[in-house]
Amino acid sequence: MSATTAPARGTTPRVRTARAGFSATLGFELRKLRAQWRTRAVLLGALLLPIPVAFAIHAQGNPPKDSLFGRYATTNGFALALLVLGYAGQWVMPLLTAIVAGDIFASEDHHGTWKTILTRSVSRGSFFGAKTVAAMGFAILVLLILSASTIVTSVLVAGHGDLIGLSGQLIPASQAWHLVAMSWLTAIPPTLAFTGLAILLGIWSRSAAVGIAAPVVIGFVLQLVGSMGSAEALRPYLPTSAYEAWHGFLASPSFHGPFVTGLIASAVWAAITLGLSWTLLRRRDITGG
Amino acid sequence: MRRIILTFAAAVLVAVGLGGVAVATSGGSTITVPRLDRAVATSFSNVYAQESAIEGHTGITPSSLQAKAMCDRGPNVTQSGPGATWNCLMSWSDPNTPMPPTGYGKFELNVHSNGCFTVGSPSSLIGYQTITDRRGRTVNNPAYEWDSCLDPASDDTPTGTTFPSALTVTSTTVNVTADGTVGVDLACGVGAGGCRGSVAAVTDTGVKLGTVPFTMTEQATTHLKFPTALPAGAKQVTFTATTTTGFAPPSPATLAVQG
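Listed in order, the protein sequences are those of chains P and S. As numbered in this note's numbering, the first sequence has no gaps in its residue numbers, which increase by one up to the final residue, 294. As numbered in this note's numbering, the second sequence has no gaps in its residue numbers, which increase by one up to the final residue, 277.
Laid out in structure tokens, this is it:
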């Protein structure tokens, strides 16, 4: 009797009780990122901006001697790439990562979509994890593009002669390629620390403007702290100092102590900022909208 | 808006807090004299060998120079940390370029808080910004100015290298004061221990004006006044400095009497 009322197996969609997992959420976050003009603009900028910058510096009559490697930036492509790295670490890299990481949570506030997502589709944990991984993945991608573009452009514009290192030693071009690439890669850990900071500020302030601008401003403040003579004890533990860890790679004998310290410091900064972010997100009352 | 203000307030608070902690815990800089001594001598040897190669001097290698440096931040300041007042005295051996009588050249350093520094060379020993290579082309002089960075964990045991200050007579003429006496201006350059000794003044007419002792810190100037009045008819005064500390001028200074 009742057999007829029960629907045949497979004819109706099964109710999905399990929420979307981490990988599905990540896929969705990446699709959202890909669709944003801002993301594309940052990637395109990282690819193309080094070209006019390299040409502009190369065209200078007087090399910018005040900055490290500025002395030979107009005559040596490796020096030019390292000069750009010195500038990029001061604010460009924190800004590039913050453009996505500062907005990735705040955009849900902007669109009022917290309730929709968290009450129906995903757990807060996988939601937080997916957005964080997406933001960090983006930071690494944009750094790799910026590095490759800067190094290739600089060498094409200013040549690949032997580089004078930070102990006055001559570094043959074959070795200089390797050292310059390694130097650029050392920017990844501090940039991820800034990604964490941008995520934290984006979640806390619920405003993309704060999430994007504040990490850059804080970066400047930390640089100021690091440049004060009395704050020298603190200097190695600032993410902004980790952006200078590559200096040791270019010395002879080379030294890697600052890089290791910077790596640990960046990891701690990222862990603290992401831990705070998760605490804020978990305790947030989303029912209000 | 409130959150934006709060964010910046928090950022400022964190910065002040970090600064406070840093000030409280600052246990000396990693930028120290022994580290600079070594880093400056090493980097100098490298760039000087490059300059020699450009100029076609053979047989000059970084190790053949045996460069030794003594760095000094100036009198009455802590001898560590970043700053623009660092100087390094350096000796090296290059058969193509004889050293001055003091045996060293003075290099000026600008040391940044990140441990990197720029060194400016004495042109009298190193030459100017551009030099002429073997084929007659004008090229950049790698030893004129160069950049280097300190390893914050490098050897910090004192190098033991010291050089005396060079004492110089800076007066160019002899000025007679109202009471008929004369004096002389001295300068004590960068170096270990300052300058100590005496100056004897004798006129061209053979009258001794006296011998006056002096004690100076490094990088200081002083004025010595001689007790005996300048006799009439004296046209020149010869000042002979002798030092117990510091490097005395190799020859006496003979200065014309003004007026």
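Cβ atoms here follow ideal geometry from the backbone N, Cα and C, with glycine treated the same way. Only a predicted model underlies this, so the values are computations on that prediction, with no experimental measurement involved.
Own chain partners of P:W119 with C-beta closer than 7 Å, once the 5 adjacent residues on each side are dropped = E113, I291
Selection from S:G133, S:G145, S:N132 that minimises the alpha carbon distance to S:F125 = S:G145
If you count every other CB in all the chains shown that lies within 10 Å of the CB of P:K136, and 16 or more means buried, which is it?
-> buried
Length of the line joining the Cα atoms of P:L303 and P:T30 | Shown here, chain P extends from 6 to 294; a query on residue 303 of chain P therefore has no answer.
Compare the beta carbon distance of S:D169 and P:G142 with 8 Å and say whether it is the shorter of the two.
-> no
Is DSSP giving P:F27 helix, strand or coil here?
-> helix
For S:S142, is the classification buried or exposed, using 16 other Cβ atoms within 10 angstroms of its Cβ as the cut-off for buried?
-> exposed
7 Å Cβ shell around P:R211 - same chain, five flanking residues per side excluded | A111, D114
Comparing the C-beta of S:G99 with each C-beta of chain P, is any distance below 8 Å?
-> yes
Compare the C-beta of S:W164 with all C-beta atoms of chain P and state if any pair is closer than 8 Å.
-> yes
Could you tell me which chain S residues have their CB closer than 7 Å to the CB of P:G172, listed as they occur along the chain?
-> It should be pointed out that residue 172 of chain P corresponds to Ser in this sequence rather than to Gly. Those within 7 Å of P:S172 in chain S are T60, S61, N64, S166.
Counting only beta-carbon atoms, is P:H115 nearer than 8 Å to chain S?
-> no
Backbone CA spacing between P:S179 and P:A84 [nearest angstrom] | 14 Å
Name the chain S residues that come within less than 8 Å of P:G262, Cβ to Cβ?
-> D169, P170, A171
Which of the three DSSP states, helix, strand or coil, is assigned to P:V20?
-> Here the model assigns P:V20 a pLDDT of 49, short of 50, so the residue's position is not dependable and the matter cannot be decided.
Cβ of P:L285 within 8 Å of any chain S Cβ | no
Could you tell me which of S:A57, S:T272, S:P52, S:N64 sits nearest to S:T190, measuring between CA atoms?
-> S:T272
Amino acids of chain S, ordered along the chain, whose beta-carbon sits closer than 9 Å to that of P:S188 | Result: empty, since nearest Cβ-Cβ is about 12 Å, beyond 9 Å.
Beta-carbon of P:R76 versus every beta-carbon of chain S: anything under 8 Å?
-> yes
Within this structure, are the beta carbons of S:T258 and S:L227 separated by less than 8 Å?
-> no
Name the residue from S:V51, S:G46, S:L24, S:G251 whose alpha carbon lies nearest to the alpha carbon of S:T175.
-> S:V51
Based on Cα-Cα distance, which residue from P:I145, P:H165, P:I208, P:V58 lies nearest to P:D108?
-> P:I208
Determine, using beta carbons only, whether S:S139 comes closer than 8 Å to chain P.
-> no
S:M117 by DSSP, collapsed to three states: which one?
-> coil
Proximal residues to P:P241 (C-beta, below 8 Å), its chain only, five neighbours per side dropped | P263, T266, G267, A270
Excluding the five sequence neighbours on either side, which residues of its own chain have a C-beta within less than 8 Å of the C-beta of S:A71, listed in chain order?
-> I78
To which residues of the same chain is P:S7 closer than 8 Å at the C-beta, ignoring the five residues directly before and after it?
-> Residue placement at P:S7 is flagged as unreliable, the pLDDT there being 44, under the threshold of 50; the coordinate-derived value follows with that caveat. Contacts found: none.
Presumed contact (8 Å Cβ cut-off) between S:L83 and S:S111, rounded CB distance | 6 Å
Segments assigned beta strand (DSSP E), at least 3 residues, entirely inside the segment 180-252 of chain S | 185-187, 201-206, 213-221, 226-234, 238-243
Ordered along the chain, which non-local residues of its own chain (more than five positions away) have a Cβ less than 6 Å from that of P:S246?
-> G231, R240
Determine which residues of the segment 250-275 of chain P have a Cβ less than 7 Å from any Cβ of chain S, and write them out in chain order.
-> H252, G253, A256, F260, G262, P263
Contact list for the segment 118-132 of chain S against chain P, Cβ threshold 9 Å | H130, S131, N132
Go ahead and label S:R91 buried or exposed: buried means 16 or more other beta carbons lie within 10 angstroms of its beta carbon, across all protein chains shown.
-> buried
Which chain S residues are close to P:I109, counting only those with a beta carbon under 9 Å from its beta carbon?
-> Chain S residues near P:I109: none, gap ~17 Å exceeds 9 Å.
Extent of the continuous beta strand (DSSP E) to which S:N105 belongs = 101-109
What residues are listed by DSSP as bridge partners for S:K18?
-> Summary: the structure shown does not reach residue 18 of chain S, with chain S confined to residues 19 through 277, and so no result is reported for it.
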